[in-house]
Amino acid sequence: MAPPAMAFQALAFSPLPLHLPATRRRARVLAVAADQTPPPPQASPSEPANSPSRLLRELAQRKKAVSPKKKHPPRRFILKPPLDDERLTQRFLNSPQLSLKSLPLLSSCLPSSPLSAADRTWMDEYLLEAKQALGYPLAPSETLGEGDDCPARHFDVLLYLAFQHLDPSSERTRTRHVRNGHSRLWFLGQFVLELAFCEFFLQRYPRESPGPMRERVFALIGKKVLPKWIKAASLHNLVFPYDDLDKMIRKDREPPTKAVFWALFGAIYLCFGMPEVYRVLFEAFGMDPEEESCQPKLRRQLEDVDYVSVEFEKRQLAWQDVAAYRPPADALFAHPRLFRACVPPGMHRFRGNIWDFDNRPKVMNILGYPLPANDKIPEITEARNIELGLGLQLCFMHPSKYKFEHPRFCFERLEYVGQKIQDLVLAERLIMKHLDAPGRWLSEKHRRLLMNKYCGRYLRDKHLHHYIIYGETVQDRFEHNRRLRNPSTTAVQQAIHGLSYCVYGKPDVRRLMFEVFDFEQVQPKAV
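Everything in the sequence shown is counted per my numbering, starting at 104 for the first residue and increasing by one.
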């Protein structure tokens, strides 16, 4: 009698007798299913054919082949557990963004966590080349000034962030603190550039309307020409270290160049202010406002018979005049020359008219004007209030009233500067308010808060649209047609911000936007 194991083996592997019917059927083959299961692994010579380990291994192999492939969700959809209070506190305390109390805007643009060794390596290798191209001293910026309250001490870190455009092949630029720090800088820098060119062209061309000025700005800093300026300043090797700028296609070349260019001026503005922005634009990048390609297209010009201020009549201002200008100690306004460029001297003919007598006090009361001033001479306060009243009347003067006889007796130039200053003021507000937000999110938030239909609505909520001065032929249409009325109320809103910036400076624009008109819609509404 055979042992039990041999009996099992004989039972398991003996062929079973099959009795098939003798009749043969013709079967149609409709489909052939190929066996996708891999062949069982060959047993090693030392391993018996019926060993349990071989059977388990074969079973695992078959399960692996048969079970469907699991699709894991993308990383951005995986919810991470929130940080506990202790780790969250440490993260905030270690963040460079909270290190400067006296410079809130600059500190909110610093990286959200300390720079890594890879970041320091890039700075050691390439930062000197960038500073030399831009005309800055090669010494580390930490040696400039005294104490952390000097904004120039943080220039090296911000300059490093400015060049770190998102490169999919670079692990360093994809880290959170670098990616967000760079995008926040370009978000701020685009509005800095717009305001800088707006102020420059308004003072350089005192009789020109804003339409040609916008064309000049677009010809100088439109995204198509930015690669040319980056190459002119010898910065293209830092932006594209492995590519030839001239051989790249547009969609690969323009977005990184635009982001680096904007972020660069965001960093310069934070550390050195607006005069340095002008110097880098016109010296380091070599921009020429009189270049043939930057001229606006020819259009029919209205004859301007009115005077301009004396300082604009003598000669055309250069960028050095705008950058080096400091208002005198007894100046009436925060930006006197910009006020003179926007409010023509001939506005004094409207003093004492019906609007000045009847509507001006109501408008000033709603806006909280005039602001208290500490002038030593009462005549200065009185002169400022007179000019403020004339500027307010100009803010409410629609082009349909006097523009065809007197091209500058309308709110267009004030509207242009007001649009740019409100963009910059809201951008600074959002950057300080949302420390963790990337630039693209801030940009979308900025756009939604400043949409044209909302700007006009804030003005209409204060019932200020009743005081707009229209031409007699179009007054009925503008007052009763929403499509005509809303853009004009938006323009008046922006002109008020422009006048506020010229007379009282940026703090008053903040007061108007966030306290009077409530652009963020956070104040309680009257029921």
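All C-beta atoms in this analysis are idealised placements derived from N, C-alpha and C, irrespective of residue type, glycine included.
As summarised for the region 365 to 407, the continuous alpha helix (DSSP H) elements at least 4 residues long and confined to that stretch are 377 to 382, given in chain order.
The continuous alpha helix (DSSP H) containing D424 extends over residues W422 to A427. Here Q404 is exposed: its Cβ has fewer than 16 other Cβ atoms, across all protein chains shown, within 10 Å. Membership of L291 in the alpha helix (DSSP H) is indicated by the continuous run R279 to R307. Membership of Y607 in the alpha helix (DSSP H) is indicated by the continuous run R585 to Y607.
Secondary-structure assignment with DSSP links I572 through a beta bridge to M500. Non-local beta-carbon contacts of E297 in its own chain, meaning distances under 6 Å to residues more than five positions away in sequence, involve K523 in chain order. In the three-state DSSP reduction, M535 falls in the helix class (H, G or I). In the structure shown, M467 adopts helical secondary structure according to DSSP, grouped into three states. Cβ contact annotation for W289 (same chain, cutoff 7 Å, sequence separation greater than five): A362, W365, A366, G369 and G542, in chain order. In this structure, the beta-carbon distance from Y573 to P313 does not fall below 7 Å.
Here DSSP, grouped into helix, strand and coil, assigns H257 to helix. Residues R310, P510 and R511 of the same chain have their beta carbon placed closer than 7 Å to that of D407, with the five preceding and five following residues left out of the count. Short of 8 Å from the beta carbon of R613, and not among the five residues preceding or following it, lie these beta carbons of its own chain, in chain order: V528 and R532.
With a threshold of 16 other beta carbon atoms within 10 Å, V413 falls short and is exposed. Each residue's CA atom was taken as its position, placing N584 and V577 some 11 Å apart. The beta carbon of K465 sits closer than 8 Å to the beta carbons of Y570 from its chain, once the five residues preceding and following it are set aside; these are given in chain order.
Under a 10 Å Cβ-count criterion, A486 is classified as exposed, with fewer than 16 other Cβ atoms of the shown protein chains found around its own Cβ.
Y561 is a Cβ neighbour of F620, given a cutoff of 7 Å.
Within the same chain, R440 come within 8 Å of Y428 by CB-CB distance, once the 5 residues on both sides are set aside. Within the same chain, no residue comes within 6 Å of K400 by CB-CB distance, once the 5 residues on both sides are set aside. Between D611 and F442, the alpha-carbon positions lie close to 15 Å from each other. Rounded to the nearest angstrom, the gap between the Cα atoms of I483 and C253 is 34 Å. For M226, the enclosing alpha helix (DSSP H) begins and ends at A220 to L237.
Annotation for E623: L552 and F617 place their beta carbon closer than 7 Å to its own, counting only its chain and skipping 5 residues before and after. Residue state for E482 is assigned as helix, using DSSP reduced to three classes. In this structure, DSSP gives I457 a helical state, which the three-state scheme calls helix. Membership of K556 in the alpha helix (DSSP H) is indicated by the continuous run N555 to D564. By the criterion of a C-beta distance shorter than 7 Å, V425 is surrounded in its chain by E302, F303, Q306 and Y381, once the five residues flanking it on both sides are discounted.
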